[in-house]
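Inspection log for the structure reproduced underneath, given as structure tokens.
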Amino acid sequence: MSIVKPGKSEVVLTRLNKYSCVYIVTQTQRLLTNPCEIDVNSVESLDYVLITDEQPESFDENLIMELHCLKKIGKIIADETSYRILRSQIPKEMLIPATPNKLLVSEGLIIKSYPSENREASTPVTYMITLENGCKLFQTGQSPISKTLSKVTKEEKPDIAFLPVGFNPKLSISSFLESASNTESKLIIPYYGENMKEVERAVKKKGLKTGLAILEVGKPFVYKLG
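If you're matching positions, the sequence shown starts at 0 in numbering that gives the first Met the number 0 and goes up one per residue.
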């Protein structure tokens, strides 16, 4: 994976797998969401790891332990189920449990947890992340954006929202388009899925006003504020 150094008003985003693992880098911060099926050498030391749910596409306990042993993790923010799994193996001071509608971090950056519509997980959450340069990201994991979560995006007005697509035979372009229509965000990035070109065509056909960026796995994408 090529290394791109962000400017002050930039954020470098890299999808590290076909699921919802995203490497987020600014000049001073590095975050990783839902790590699984990745090479630990593809990331530098992390300020935060965020986990939305306990499903294997979002949470790899062995990978987390490998990152921990390599001293590559500052703190781990995890949904309640993942938190319970980790608390017997990770020092307490490194773990932050996430339940919906909580302010989790307020120093250096802001991380809030919100509800999730992921019906297959036990205690899922979504995250609103405001980086130190002001860029705001909505990390949904596998959650579609319902009318309820739509209110969150209207209040928070994220710069970027990551929205799941799904996999065949569960691939649902119509569901993605509905989520996109319910999301008030400057840019939407589809992930957790395949056939991204098909998604791009469907978005153009629908005529959605929100910007769309297709990220190739392993290829850094630079988002510039303003």
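No residue lacks a Cβ here, since even glycine has one placed at the ideal position from N, Cα and C.
| Asked | Found |
| --- | --- |
| Burial state of SER41 (16 or more Cβ within 10 Å) | exposed |
| Residue environment, CYS68, which counts as buried when at least 16 other CB atoms sit within 10 Å | exposed |
| Per-residue burial, GLN54 [other beta carbons within 10 Å of its own, 16 or more giving buried] | buried |
| Best match in PRO99, LEU62, LYS70 for proximity to THR32 [C-alpha to C-alpha] | LEU62 |
| Cβ-based burial, SER142 [other Cβ within 10 Å; buried from 16] | buried |
| Simplified DSSP assignment, three categories, for PHE58 | coil |
| Rounded C-alpha distance that separates VAL11 from SER174 | 27 angstroms |
| Rounded C-alpha distance that separates ALA97 from LYS218 | 30 angstroms |
| Status (buried if at least 16 other CB within 10 Å, exposed otherwise) for ASN117 | buried |
| Any 3 or more C-beta pairs closer than 8 angstroms across the segment 176-192 and the segment 145-162 | yes |
| Residue span of the alpha helix (DSSP H) that contains THR147, given as start and end | 146-155 |
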